[in-house]
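*Asks:*
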Amino acid sequence: MRKLLIIEDDTVLRENTAELLHLAGYEPLTAPNGKLGIKIAKEHLPDLIICDIMMPELDGYGVLENMSQDKATRQIPLSFYPQKRSKKIYEKAWS
Amino acid sequence: MRVFEKNSNIFKLLSEAVSEGIVVVNQEQMIVAANNRANAMLGYDEDELVGMSLNSLIPKSLRKSHKKHVQDYYKQEKQHRKARGRNLLGLSKNGEEIPIEVGLNPFSLYGNTYVLALILDLTESKQKEKEIYELNADLDRKIKERTGELRDTVAELKREIKRRKKAEERIKSALQKERELNELKTKFLSLVSHEFKTPLSGILTSATLVGKYAEAEQQEKRDKHLKTIIGEVRHLNAILNDFLSIEKLEKGKELYTLADFSLSKVVNEVVYNANMMLKIGQKINYPSNIDDVTLCQDEKIVTIALTNLLYNAIKYSSEDTEIDLVVKLLKDKVVFQVVDQGIGIPKKDQKHIFERYYRAENVLLTQGTGIGLNIVKGHLENLGEASLLLAKKTREALLRSSFLLKSDFLSR
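Chains A and B, in that order, give the protein sequences.
Note that my numbering has the first sequence beginning at 8, numbered continuously upward.
Note that my numbering has the second sequence beginning at 22, numbered continuously upward.
1) Using CA atoms only, rank isn't needed, just tell me which of 42(B), 397(B) and 297(B) is closest to residue 265(B).
2) At a CB-CB cut-off below 7 Å, which residues of chain B make contact with residue 71(A)?
3) With DSSP run on the structure shown, which of helix, strand or coil describes residue 330(B)?
4) At the level of alpha carbons, what is the spacing between residue 25(A) and residue 36(A)?
5) Under 8 Å between C-beta atoms, does residue 393(B) make it to chain A?
6) Confirm the yes/no value for this check: CB of residue 202(B), any heavy atom of the ligand MG, distance under 7 Å.
7) Got a sec, what are the start and stop residues for the beta strand (DSSP E) residue 126(B) sits in?
8) What is the rounded straight-line gap between the Cα of residue 81(A) and the Cα of residue 287(B)?
9) Report the three-state DSSP secondary structure of residue 358(B) (helix, strand or coil).
10) Could you have a look at residue 414(B) and say whether DSSP puts it in helix, strand or coil?
11) Taking buried to mean at least 16 other C-beta atoms within 10 Å of its own C-beta, is residue 185(B) buried or exposed?
12) With a Cβ-Cβ cutoff of 8 Å, do residue 315(B) and residue 281(B) count as a contact?
13) Please state whether DSSP places residue 375(B) in a helix, a strand or coil.
14) Assuming residue 20(A) and residue 226(B) are in contact, meaning their beta carbons sit under 8 Å apart, how far apart are those beta carbons, in whole angstroms?
15) Check whether the segment 161-170 of chain B and the segment 137-151 of chain B are in contact - that is, three or more C-beta pairs closer than 8 Å.
16) Taking the alpha-carbon positions, what's the residue 235(B) to residue 242(B) distance?
17) Secondary structure at residue 407(B), three-state DSSP: helix, strand or coil?
18) Counting only runs of 3+ residues fully inside the segment 226-258 of chain B, write out the beta strand (DSSP E) ranges in chain order.
19) In whole angstroms, what is the alpha-carbon distance linking residue 203(B) and residue 267(B)?
20) Taking only runs that begin and end inside the segment 146-174 of chain B, name each unbroken alpha helix (DSSP H) of 4 or more residues, in chain order.
21) Pick from 240(B), 284(B), 232(B) and 294(B): whose alpha carbon is nearest that of residue 254(B)?
22) For residue 233(B) and residue 30(A), which I take to be in contact (beta-carbon distance under 8 Å), what is that distance rounded to the nearest angstrom?
23) Since residue 70(A) is in the beta strand (DSSP E), which residue starts that stretch and which ends it?
24) Give me the chain B residues within the contact set of residue 34(A), using Cβ-Cβ distance strictly less than 9 Å, ordered along the chain.
25) Under 8 Å between C-beta atoms, does residue 37(A) make it to chain B?
26) Should residue 311(B) and residue 348(B) be called a contact, given that it needs their Cβ atoms to be closer than 8 Å?
27) Which two residues bound the contiguous beta strand (DSSP E) that contains residue 340(B)?
28) For the segment 59-89 of chain A, which residues have a beta carbon sitting closer than 7 Å to at least one beta carbon of chain B?
29) For residue 32(A), count neighbouring C-beta atoms within 10 Å of its own C-beta (all shown protein chains included) and say buried if the count is 16 or more, exposed if not.
30) DSSP three-state call for residue 348(B): helix, strand or coil?
31) What do you get for residue 406(B), buried or exposed, if any count of 16 or more other CB atoms within 10 angstroms of its CB means buried?
32) Check whether the segment 246-263 of chain B and the segment 48-58 of chain A are in contact - that is, three or more C-beta pairs closer than 8 Å.
33) Is the number of C-beta pairs between the segment 130-137 of chain B and the segment 34-53 of chain B that are closer than 8 Å three or more?
34) Leaving out five residues before and five after residue 46(B) in sequence, what residues of the same chain have Cβ atoms less than 8 Å from its Cβ?
35) Would you kindly check if the distance between the Cβ of residue 75(A) and the Cβ of residue 58(A) is under 8 Å?
36) Using Cβ-Cβ distances below 7 Å, what residues of the segment 207-240 of chain B are close to chain A?
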């Protein structure tokens, strides 16, 4: 079973996404902000992280930066789903 | 006299060449010669004047003073006597007084002293003078008239300019308002469409999940998602209400409708909707003192205000916290107080919190429009006076509503 981590501050969206992934046969983990997300990621080493960008505590870019600095989490693919599509977000995500 | 007779040809020759009238008198004030111009002027025939006394050419009223002038004249030094012009009146043969100018030139001939008087008829020039004077007066009057008219026109123009300037200012300010409103709508629309995305995603995923729970024993799961959908729809509705009330806010009082309504009914509705939005473990403490209270207010605005405050309290406080909705019924007003245990508003942001689009530093990463409190404050300010007026109708039933926005919610 594939482990997925969802980092999203909106409760409904976070829980619904987790529920859908669960029904699809995945093992979802959830975190309401970047800070907790990093903690869970390091504990459980998920196969994929789905991450919001605009969040309190620590935002999506912060999560990405933190993950790439740690050897254990560097290889985990991270998927952003920005609410506002803008060039800036892509540039920032790829840099 | 004889002298002039002797030399009359020469005198005539000379005197007829002159355009003035000429009268020569001797020392006895007797006329010894006159030219035709003088005759014509005074209405005498040729040579009729000769031998007459000068007095007969002077109006009776002036004769006495003339005599004195003559005496004075001869007393003067010779060199001063020459060519003295005087404006006088002459008496014509038919008794008419004629305005004349007289220049006196004394001279001696064969031991006798004579005075040659050059006479200028002023009738015409007096007439001209009079005409000129009248014309001048007329002109003066006309100038005054025109000046007055001009002054009136200028004043009228000034008033017109003032009026136009005022109208221009009114139009400018109306345009400015319209622009601001337009800008506001555009900005709000973009904010709203962004704000809509998260709840819409929630609704979409919940609806999808409801579809996946097809088994009879999964009713609980279906109910949970239906409740989520309802809550999100209400949240979207609240945002839309904010948006729709902006126009009202910009245009002022006239769009409000004050009517009696039951306070508990409105509070029930607002709290019921807010309950749908609660996070896990959150609870709203409902006020116990509002049964049978009737308020005369704009019900929609009270709803918008209360909804905004409650949603903020829910949004900005964590799970497992309580929110108190306190209603204080004072003599002429109602104070609504919403007290939460949330993150609060940082001190430095507090003075800006009612500005449109302003968002406090500690919520920049949380979704929101920054418009809710601005709208609430605007509406309450617009309503202030009208509600105070109606408060006098009856003592207990009609109460002025006032939201105590400066509750614990700000002072933390």
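All residues carry an ideal CB built from backbone N, CA and C; glycine is no exception.
*Replies:* Based on what the coordinates show:
1) Within the second sequence, numbered from 1, the residue matching residue 265(B) stands at position 244. Taking only the C-alpha atoms, the option nearest residue 265(B) is 397(B).
2) In the first sequence, counting from the first residue as 1, residue 71(A) sits at position 64. In chain order: nothing, as chain B lies at least about 15 Å away.
3) Along the second sequence, one-based indexing puts residue 330(B) at 309. Reduced to three states, the DSSP call for residue 330(B) is helix.
4) The sequence position of residue 25(A) within the first sequence is 18, counting from 1. The sequence position of residue 36(A) within the first sequence is 29, counting from 1. About 7 Å.
5) For the purposes of this step, residue 393(B) is identified with residue 372 of the second sequence, where counting begins at 1. No, because no Cβ of chain A sits closer than 8 Å to the Cβ of residue 393(B).
6) Of ligands this structure carries none, so the ligand MG is not represented either.
7) To locate residue 126(B), count along the second sequence from 1; it is residue 105. Segment 118-130, the beta strand (DSSP E) holding residue 126(B).
8) Locating residue 81(A) in the first sequence gives position 74, counting from the first residue. Locating residue 287(B) in the second sequence gives position 266, counting from the first residue. Whole-angstrom Cα-Cα distance: 54 Å.
9) As a working note, residue 358(B) is residue 337 in the second sequence. Reduced to three states, the DSSP call for residue 358(B) is strand.
10) In the second sequence, the residue the question calls residue 414(B) occupies position 393. At residue 414(B) the pLDDT is 28, less than 50, meaning the model places this residue with poor confidence and gives no usable figure here.
11) Here residue 185(B) corresponds to residue number 164 of the second sequence, with the count starting at 1. That one is exposed.
12) Taking the second sequence and counting its residues from 1, one reaches residue 315(B) at position 294. Taking the second sequence and counting its residues from 1, one reaches residue 281(B) at position 260. Contact: yes.
13) Translated into positions along the second sequence, residue 375(B) becomes position 354. If DSSP states are grouped into helix, strand and coil, residue 375(B) belongs with coil.
14) Taking the first sequence and counting its residues from 1, one reaches residue 20(A) at position 13. Taking the second sequence and counting its residues from 1, one reaches residue 226(B) at position 205. About 7 Å separates the two Cβ atoms, so the contact holds.
15) no
16) For the purposes of this step, residue 235(B) is taken as the residue at position 214 of the second sequence. For the purposes of this step, residue 242(B) is taken as the residue at position 221 of the second sequence. Spanning the two alpha carbons is a distance of roughly 10 Å.
17) Indexing the second sequence from 1 puts residue 407(B) at position 386. The pLDDT assigned to residue 407(B) is 36, lower than 50, so where the model puts this residue is not dependable; a value taken from the coordinates is nonetheless given after this. In the structure shown, residue 407(B) sits in a helix (DSSP, three-state: H, G or I).
18) none
19) The sequence position of residue 203(B) within the second sequence is 182, counting from 1. The sequence position of residue 267(B) within the second sequence is 246, counting from 1. Approximately 11 Å between the Cα atoms of the pair.
20) none
21) Here residue 254(B) corresponds to residue number 233 of the second sequence, with the count starting at 1. Nearest of 240(B), 284(B), 232(B) and 294(B) to residue 254(B), Cα basis: 294(B).
22) By 1-based counting over the second sequence, the position of residue 233(B) is 212. By 1-based counting over the first sequence, the position of residue 30(A) is 23. At roughly 6 Å, the Cβ-Cβ gap stays under 8 Å, so residue 233(B) and residue 30(A) are in contact.
23) The residue given as residue 70(A) occupies position 63 in the first sequence. No beta strand (DSSP E) holds residue 70(A); the alpha helix (DSSP H) holding it covers 67-76.
24) Along the first sequence, read from residue 1 onward, the residue named residue 34(A) stands at position 27. Under the 9 Å cutoff, chain B gives no residues; its nearest Cβ is about 17 Å from residue 34(A).
25) Your numbering for residue 37(A) matches position 30 in the first sequence. No, residue 37(A) does not count as interfacial toward chain B.
26) Here the question's residue 311(B) lines up with position 290 in the second sequence. Here the question's residue 348(B) lines up with position 327 in the second sequence. Contact: yes.
27) Residue 340(B) sits at position 319 when you count from the first residue of the second sequence. It is not in any beta strand (DSSP E) - residue 340(B) carries neither H nor E in the DSSP assignment.
28) 61, 62, 63 and 66
29) Position 25 of the first sequence holds residue 32(A). Classification for residue 32(A): exposed.
30) Within the second sequence, the letter at position 327 stands for residue 348(B). Three-state DSSP puts residue 348(B) in a strand.
31) On the second sequence, residue 406(B) is found 385 positions in, with the first residue counted as 1. Its pLDDT being 42, under 50, residue 406(B) is placed unreliably in this model, and the value from its coordinates should be taken loosely. It counts as exposed.
32) no
33) yes
34) The residue given as residue 46(B) occupies position 25 in the second sequence. Cβ neighbours of residue 46(B) beyond the five flanking positions: 52, 53, 75, 135, 136 and 138.
35) One-based indexing of the first sequence puts residue 58(A) at position 51. One-based indexing of the first sequence puts residue 75(A) at position 68. No, the pair does not count as a contact, with Cβ atoms beyond the cut-off.
36) 215, 218, 219, 222, 223, 226, 227, 229, 230 and 233
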